[in-house]
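Numbering (the working numbering), first residue to last: 20 to 156.
Heads up, the beta-carbon is just placed ideally off N, CA and C, and yes, glycines get one too.
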């Protein structure tokens with residue numbers, strides 16, 4: 020069983036809003052950025068990395084609101100926020116669809132480590148080694 024956002028909601032809603040902001044990054048207010056960020060976060064159940072890729076947008080909004088009294092005055096987006104929006108525009112369709120049940124692993128790997136080294140095995144393959152002085156520190 021998978022949770023998926025309807026294609027129309029992605030195309031007409033979130034992707035279109037992201038595109039509008041990317042086309043005019045100096046024309047949008049913190050209120051609009053916040054609204055879009057909340058729409059993306061509402062999709063977290065269907066889109067796995069939503070929280071990871073909205074954290075900077077929330078930070079931008081919070082900093083802007085703290086430094087200025089007018090939430091509706093357009094402000095330029097910083098480069099990190101634009102980068103996150105570009106990621107969303109390119110990847111939202113790829114990430115849409117999240118399984119409610121984790122996939123069953125088809126292989127098992129065993130790993131172990133100690134103060135002096137590490138080791139792992141899978142099927143009949145093994146790997147091991149000793150920590151360097153820097154890694155052991």
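Helix, strand or coil for residue i, going by three-state DSSP, please let me know.
i: residue 83; result: helix
i: residue 110; result: helix
i: residue 62; result: coil
i: residue 149; result: strand
i: residue 138; result: strand
i: residue 31; result: helix
i: residue 39; result: helix
i: residue 54; result: helix
Kindly list the residues whose CB is nearer than 6 Å to the CB of residue i, restricted to its own chain and excluding five residues on each side of it in sequence; keep chain order.
i: residue 41; result: 104
Once the 5 residues before and after residue i are set aside, which same chain residues still bring their CB inside 7 Å of it?
i: residue 50; result: 90 and 91
i: residue 83; result: 49 and 94
i: residue 112; result: 29
Note down, in chain order, each residue of its chain lying with its Cβ closer than 8 Å to the Cβ of residue i, except the 5 sequence neighbours on either side.
i: residue 139; result: 128, 129, 130, 131, 145, 146 and 147
Considering only their Cβ atoms, is the gap separating residue j from residue i smaller than 9 Å?
i: residue 37; j: residue 107; result: yes
i: residue 85; j: residue 56; result: no
Does the count of Cβ pairs from the stretch 94 to 112 and the stretch 145 to 154 closer than 8 Å reach three? no
At least 3 beta-carbon pairs within less than 8 Å: the stretch 115 to 129 vs the stretch 61 to 71: yes
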